[in-house]
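Residue numbers (my numbering): 76 to 163. Note that the Cβ used here is the ideal one computed from N, Cα and C, for glycine as well. Taking it in order: structure first as structure tokens, then the write-up.
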């Protein structure tokens, strides 16, 4: 979980610094495809989504991690949505 770990550190830092924004991008192919294959990056994206959503729920942060195009995007929870509506 190399990529996932690096990106979770970056996410937690953004939260701690008050810099987390909707549509922030994590686990982007462009950042990792020189070192890792797409299958590996895809698996790390899945791991990151699960960990990020668990982190958001545990800390009651109204965001969720979702698949984007070749990356993971952070999206604000809409009224009535809950973390359990997403992959944990």
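Legend entry - For residue 138, three-class secondary structure by DSSP: strand
Inset, instruction - Please report how far the alpha carbon of residue 86 lies from the alpha carbon of residue 155, in whole angstroms. - result: 24 Å
Inset, instruction - Work out the CA separation of residue 103 and residue 114 for me, nearest whole Å. - result: 13 Å
Inset, instruction - Tell me, to the nearest whole angstrom, how far the beta carbon of residue 131 is from that of residue 139; I am working on the premise that it is less than 8 Å. - result: 6 Å
Legend entry - Per DSSP, cross-strand counterpart(s) of residue 151: 138
Inset, instruction - Could you tell me which residues DSSP puts in a beta bridge with residue 100? - result: 148
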